[in-house]
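Reviewing the structure listed below.
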Amino acid sequence: QVQLVQSGAEVKKPGASVKVSCKASGYIFTNYGISWVRQAPGQGLEWMGWISVYNGNTHYAPNLQGRVTLSTDTSTSTAYMELRSLRSDDTAVYYCATDSGYWGQGTLVTVSS
Amino acid sequence: DIQMTQSPSSLSASVGDRVTITCRASQGISIYLAWFQQKPGKAPKSLIYAASSLQSGVPSKFSGSGSGTDFTLTIRSLQPEDFATYYCQQYNSYPFTFGQGTKLEIK
């Protein structure tokens, strides 16, 4: 069965970077792109970006362009989301999701001094 | 960016009811619309893609319709497990955008 397993919760200081992983199993990794979505406490869903696992093409949300980088490692079927220059309003649960509709369990990133 | 507006923002209904949630796009998106269900503390679950196609394993009590700018999600015969927050998302053009969500509560 398809599974996306994300890395554990992180606590970061303002200005730091975080890299969240999303390990896929149960399907051919290169067949589907992966989106990253975040959800601040008590808020709705915010699309962050998408990566083609097949060729590495990326698209980012304009408000995150320059601070976020999506990547994949096809040898380990793992996708990564790196967010830099963290601010308190980056505190959120971060999700990966495949184009085929499967979601990871979420990773809480807390940014606090 | 394409703006997605859901209505209502919240909805009270009873077990056994049929409800409809509306999602409107600020410009035409053909049928590139998905619906998601989210329960508190859980990851979203994909329900519908391409406006009306059910994801594998999703019961047929959920149905979607629409094209262009106006879309609906209908849930018939509500059960306790259906009370959740529902989101639409357009994937016609980048950046993909979500509606603000509709919270479905038990009356």
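First to last, the sequence lines map onto chains A and B.
My numbering numbers the first residue of the first sequence as -8 and each following residue consecutively.
My numbering numbers the first residue of the second sequence as 94 and each following residue consecutively.
Beta carbons: idealized from backbone N, C-alpha and C, even for Gly.
- In this structure, the alpha-carbon of Val28(A) lies about 14 Å from that of Gln56(A).
- By the C-beta criterion, the stretch 17 to 25 of chain A is judged not to be in contact with the stretch 123 to 140 of chain B, since fewer than 3 inter-stretch pairs fall below 8 Å.
- If you look at Trp94(A), you'll find it isn't in any beta strand (DSSP E); DSSP assigns it neither H nor E.
- With a cut-off of 8 Å on Cβ pairs, the stretch 107 to 124 of chain B is in contact with the stretch 166 to 180 of chain B, counting three or more such pairs.
- By the rule that beta-carbons nearer than 8 Å mark a contact, Phe164(B) does not touch chain A.
- Around the beta carbon of Ser79(A), fewer than 16 other beta carbons sit within 10 angstroms, so the residue counts as exposed.
- The stretch 72 to 90 of chain A makes contact with the stretch 1 to 20 of chain A, as at least three CB pairs between them are under 8 Å.
- Secondary structure note for Tyr51(A): its beta strand (DSSP E) is the uninterrupted segment 49 to 51.
- If you look at Val59(A), you'll find it in the beta strand (DSSP E) that goes 59 to 64.
- Comparing alpha carbon positions, the residue from Ile141(B), Ser145(B), Pro101(B) closest to Thr195(B) is Pro101(B).
- In this chain, the beta strand (DSSP E) harbouring Ala118(B) covers 112 to 118.
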